[in-house]
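Have a look at the structure below before the remarks.
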Amino acid sequence: MAFLKRHHMILTMLLIGALLRFWGIWEAGYHHDELSALLRTRFESFSTLIEQGVRIDGHPAFTQVFLWLWYQLVGAEAWLIKLPFVLSGILSIYFLFRTGAMMFSKPTGLIAAAGMATLQYGIIYAQWARPYAFGILAVVLVAFSLLRYIQNGERKDLLLFTVAAAWTGYTHYFALLEAILFVGVFWLFYMNKRQRLELAVAGLLALLLWLPHLNITLHHLRIGGIGDWLDAAPLAFGWQLIAFAGHYSWWMVIPLILGLYVLTLNPSSDRSYWLKMALLAVAFVFPFLIAFYYSHWQSALLHEGTMAFAFPFFLLFVSGLWFATNRATQKLVASYVLVMGAYTLINDRLHLQLNLQTEFNDPIAWFHQEQVTYQEQGTELSAFFDLRPDAVAWLDQHDQADFSQVTLFESLPEQHWVEALGETDADALMLTVTAASAPEYLAVAQSIFPYIKAIRHYHTASCYVLERAPTGNISQHLLGVDHPMQLMRDKEYLDPLIMRDTLSLPFTYLIGTAVFSGTTGDELKLVIDGEPNDERYWRSVDAKLYKKHSDQASFHVHQALDLRDVVDIGKAWELKLYPWNPSRSSGLLRTLSWRLIPSNPVRYGLFKPIPDKSLVEISDGKVKSLFNFEGQN
1174 MAFLKRHHMI LTMLLIGALL RFWGIWEAGY HHDELSALLR TRFESFSTLI
1224 EQGVRIDGHP AFTQVFLWLW YQLVGAEAWL IKLPFVLSGI LSIYFLFRTG
1274 AMMFSKPTGL IAAAGMATLQ YGIIYAQWAR PYAFGILAVV LVAFSLLRYI
1324 QNGERKDLLL FTVAAAWTGY THYFALLEAI LFVGVFWLFY MNKRQRLELA
1374 VAGLLALLLW LPHLNITLHH LRIGGIGDWL DAAPLAFGWQ LIAFAGHYSW
1424 WMVIPLILGL YVLTLNPSSD RSYWLKMALL AVAFVFPFLI AFYYSHWQSA
1474 LLHEGTMAFA FPFFLLFVSG LWFATNRATQ KLVASYVLVM GAYTLINDRL
1524 HLQLNLQTEF NDPIAWFHQE QVTYQEQGTE LSAFFDLRPD AVAWLDQHDQ
1574 ADFSQVTLFE SLPEQHWVEA LGETDADALM LTVTAASAPE YLAVAQSIFP
1624 YIKAIRHYHT ASCYVLERAP TGNISQHLLG VDHPMQLMRD KEYLDPLIMR
1674 DTLSLPFTYL IGTAVFSGTT GDELKLVIDG EPNDERYWRS VDAKLYKKHS
1724 DQASFHVHQA LDLRDVVDIG KAWELKLYPW NPSRSSGLLR TLSWRLIPSN
1774 PVRYGLFKPI PDKSLVEISD GKVKSLFNFE GQN
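1174 is the number of the first residue of the sequence shown in our numbering; add one for each residue after it.
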């Protein structure tokens, strides 16, 4: 009982942190990045795994090798695959507390632990089977073992340091960078000659443990990056990371702001304290600058995951701001972070829905439910999903989901998706598109099935139920005025239809449609053009993509975009829609129109601010849209 009374706060934090990480995990599906890693567990030999599963990835080998072994042991069940990562996240809470206690005091360690227990930055990566949970734990263990060695002078602590330091290098290169920065500063400013010598020996042993990986690392350096799937982040991304770390909530920024204020009222005269605070600031600022400049110079790699290994040091920095206050105040701050962190995580960040729902598992489960409903009504529901085919095949093969009745866009022959959508004779269509999908998928589907019955949104995807006849809750919304018919003969550019910043809803797909008839040339294109936010946007779609799949006298050509990719919502902008007829062929432009369709209001919602929650409904644990349109179809 005395033990429980003495340690009740850290035990409470561990319990809450464990609950938030385990909550719903047995029902969770796989995210895209997890499936990408699991697809690289299918190799029969270790050498093939390294050659085809690790060297091509750009990440160190440990997590991929671990998944290869773990998958063979436990199978494909998502909660079992994720379990070691969840446990690593829980251990990170405890060892961060111990690290903070040695750097400053036990109550300040509690503040850092409370943040790790409840803030989304730490929880996301503890629920994903990716390198981040292991890397965060390894970095925290490096700091813990080093401080323990300095405090106690016992060489056995260097054994843990050696293993943890080598582990960072095997897990993630930015985890290794964090370890080097932390150890380097302590080596220079906090250690005597004997300690430096013994730490150098421990570091050399860690290097020897890591040497088998050197060849892979050199290969990754030659690759130079992780591909072109990221854009180079602006410098302001640093502030976004801090906002994300605080749940985009002023409630969670209060400990940082008040801590800075308290520090100015009672600045410490302890040189050691300021060195530690400077070290912690360097530990999350310097890696950001390296990732930022590398992203603009070589290859974009700066994102939330890259900086996840700096997150523990940011928490320690915030906790250190309260070091000069009394223990009761520090415990009060820790309690505040624990309670408000959990509240904003669940209520403001919608974490329990967004992180546990995925575009792979949840839409297909919904499809099978809706299919039964339509069959009972004597109607038919078909499904078109824009998902990675090999990931779908893996889930199907392992009985994680049944996609046998789903058509995948990527599995269709090139440019045959327009024809496939047009040929379906179903009464309704379920369409799943991701943030990376061509917006024309939704444009074409909604032109054939104009009535939107229901929408569900996920972290990076949306799933629509569309119908040919109006039986649902939400219908399409037309904007602007259709242009009158225009003859195309001898005209290279036809009169544009202009869309300006007169939107009632900020999160939408904007679709431009042109209807042509007559003899039009193969060079005919539909263009969206403009300079929103003083930056030129120009994109064209070939009309022949749609024309060759049309058996009618007229055919529809679509251009579409997610406005958030082009304009800064809330600022003035203008976009033009017009046909480009470089061959000046004859023909007739029958209609030119804009229309607006609801898109995912929580796109990248795990990392970005959640929009006004009046746009979002949580029902039966699912995120659904609450778009209410007025107007005629």
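Even for Gly, the Cβ is constructed at its ideal location relative to N, Cα and C. Remember, it's a predicted structure, so these values are computed and weren't measured experimentally.
Classify residue i: buried if its beta carbon has 16 or more other beta carbons within 10 angstroms, exposed otherwise.
i: E1224; result: exposed
i: D1230; result: buried
i: Y1466; result: exposed
i: H1541; result: exposed
i: M1480; result: buried
i: T1437; result: exposed
i: T1272; result: buried
i: L1381; result: exposed
i: L1246; result: exposed
i: P1233; result: buried
i: Q1530; result: buried
i: W1199; result: exposed
i: Q1550; result: exposed
Which of the three DSSP states is assigned to residue i in this structure?
i: D1715; result: strand
i: F1558; result: strand
i: P1485; result: helix
i: D1738; result: helix
i: D1702; result: strand
i: Q1245; result: helix
i: T1281; result: helix
i: K1721; result: coil
i: E1790; result: strand
i: S1635; result: strand
i: L1581; result: strand
i: Q1570; result: helix
i: Q1550; result: coil
i: T1291; result: helix
i: A1405; result: coil
i: L1660; result: strand
i: L1310; result: helix
i: V1796; result: strand
i: Y1421; result: coil
i: Y1467; result: helix
i: Y1446; result: helix
Sorted by chain position, which residues of the same chain lie with C-beta nearer than 7 Å to residue i's C-beta, five sequence neighbours on each side aside?
i: T1605; result: E1532, P1536, F1558, D1559, L1560, A1634 and C1636
i: A1251; result: A1201, G1202 and Y1203
i: A1379; result: T1335, A1338 and A1339
i: A1299; result: R1194, F1258, V1259, S1261, G1262 and A1306
i: F1459; result: L1354
i: Q1368; result: I1323
i: K1781; result: none
Take residue i and list the residues in its own chain whose beta-carbon comes closer than 6 Å to its own, dropping the five residues that flank it on each side.
i: N1439; result: A1497
i: R1776; result: A1608
i: G1514; result: T1291 and L1292
i: A1564; result: L1208
i: V1740; result: P1705 and W1746
i: G1794; result: none
i: R1662; result: S1759
i: A1191; result: I1263
i: R1673; result: E1747
i: V1238; result: none
Under the DSSP definition of a beta bridge, which residues are partnered with residue i?
i: K1329; result: K1329 is not bridged to any residue.
i: S1690; result: S1727 and L1761
i: G1685; result: Q1732 and W1767
i: M1182; result: According to DSSP, M1182 bridges with nothing at all.
i: I1671; result: K1749
i: I1628; result: Y1637
i: A1454; result: Per DSSP, none; premise fails for A1454.
i: T1390; result: DSSP output for T1390 lists no bridge partner at all.
i: Y1343; result: Beta-bridge pairing links Y1343 to no other residue.
i: Y1710; result: G1703
i: L1604; result: F1557 and Y1637
For residue i, which residues of its own chain have a beta-carbon under 8 Å away from its beta-carbon, when the five flanking residues on both sides are left out?
i: F1235; result: P1304, F1307, W1340, Y1343 and T1344
i: A1538; result: A1574
Within 8 Å, do at least three Cβ pairs link the region 1211 to 1222 to the region 1572 to 1588? As far as the Cβ criterion goes, the region 1572 to 1588 does not touch the region 1211 to 1222, which means the pair count is below three.
I'd like to know if the region 1730 to 1739 and the region 1659 to 1671 are in contact, where contact means that at least 3 CB-CB pairs between them fall below 8 Å. Touching, no, given that fewer than three Cβ pairs across the two stretches are closer than 8 Å.
Three CB pairs or more closer than 8 Å across the region 1515 to 1523 and the region 1435 to 1450: No, they do not touch.
Does the structure place the region 1303 to 1313 close enough to the region 1254 to 1273 that three or more beta carbon pairs sit under 8 Å? At 8 Å Cβ cutoff, the stretches touch.
Does the region 1314 to 1327 come into contact with the region 1281 to 1291, if we say contact requires no fewer than three beta-carbon pairs (one atom in each stretch) closer than 8 Å? At 8 Å Cβ cutoff, the stretches do not touch.
For the structure I just gave you, are there three or more beta carbon pairs, one from the region 1413 to 1429 and one from the region 1482 to 1494, closer than 8 Å? Enough Cβ pairs lie closer than 8 Å, so yes.
Can at least three beta-carbon pairs, one atom from the region 1210 to 1219 and one from the region 1316 to 1324, be found at a separation below 8 Å? When C-beta atoms of the region 1210 to 1219 are compared with those of the region 1316 to 1324, fewer than three pairs fall below 8 Å, so the two segments do not count as touching.
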